[in-house]
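**Student:** The following block contains the structure, expressed as structure tokens.
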Amino acid sequence: MNDIESILKSIGAPIKHLFYTGREDPYITYQFYNEYGKVFAEDKEVVTAYSVQINIFTKGKLEDLYKQVLDLMIVAGWCRTYATEDYETDTKLNHKIIRFKYTEEH
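Numbered by the working numbering, the letters in the sequence shown go through residues 35 to 140 in order.
Here it is in structure tokens:
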């Protein structure tokens, strides 16, 4: 499976699994929220599906960062399944939430 940090490193923002404790703006976090056997043959899993959520946080505009993440993930073979945005009132950060799916044959 593709490494999310390697896929997105050209963006130049910090990218961390689950939590980011730094102070840079923007930053990106990600978490895998579903992994399951998609295809089985002779009682063995031959295709695995992975779902990942990528979160972009910034005080600035989200559009350019969103497009960069989307383009990089699609080139790496991931398919977008969901996207929405939010505003974090406690940190005053714009938050873009993007979910992707990837399948891998064994």
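For each residue, glycine too, the CB sits at the ideal point set by N, CA and C. Note that the structure is predicted; figures quoted are calculated from it, not measured.
State the DSSP-derived secondary structure class of K126, mapped to helix, strand or coil.
**Tutor:** coil
**Student:** Are the CB atoms of I62 and L104 nearer to each other than 8 Å?
**Tutor:** no
**Student:** Tell me which residues share the same chain as Q102 and place their Cβ nearer than 7 Å to its Cβ, disregarding the 5 neighbours each side in the sequence.
**Tutor:** I45
**Student:** How do the stretch 84 to 100 and the stretch 52 to 70 stand: do at least 3 beta-carbon pairs fall below 8 Å, yes or no?
**Tutor:** Counting C-beta pairs closer than 8 Å gives three or more between the stretch 84 to 100 and the stretch 52 to 70, which meets the contact rule.
**Student:** So what does T118 bridge to, in DSSP terms?
**Tutor:** I131
**Student:** CB-CB under 6 Å to A117, same chain, minus the five flanking residues each way: which ones, in chain order?
**Tutor:** I132
**Student:** Which residue comes first and which comes last in the alpha helix (DSSP H) that contains E97?
**Tutor:** 97 to 109
**Student:** With I62 as the anchor, note down where its beta strand (DSSP E) starts and where it stops.
**Tutor:** Taken as a continuous stretch (DSSP letters only), the beta strand (DSSP E) holding I62 covers 61 to 75.
**Student:** The alpha helix (DSSP H) that contains S40, what's its start and end?
**Tutor:** 38 to 42
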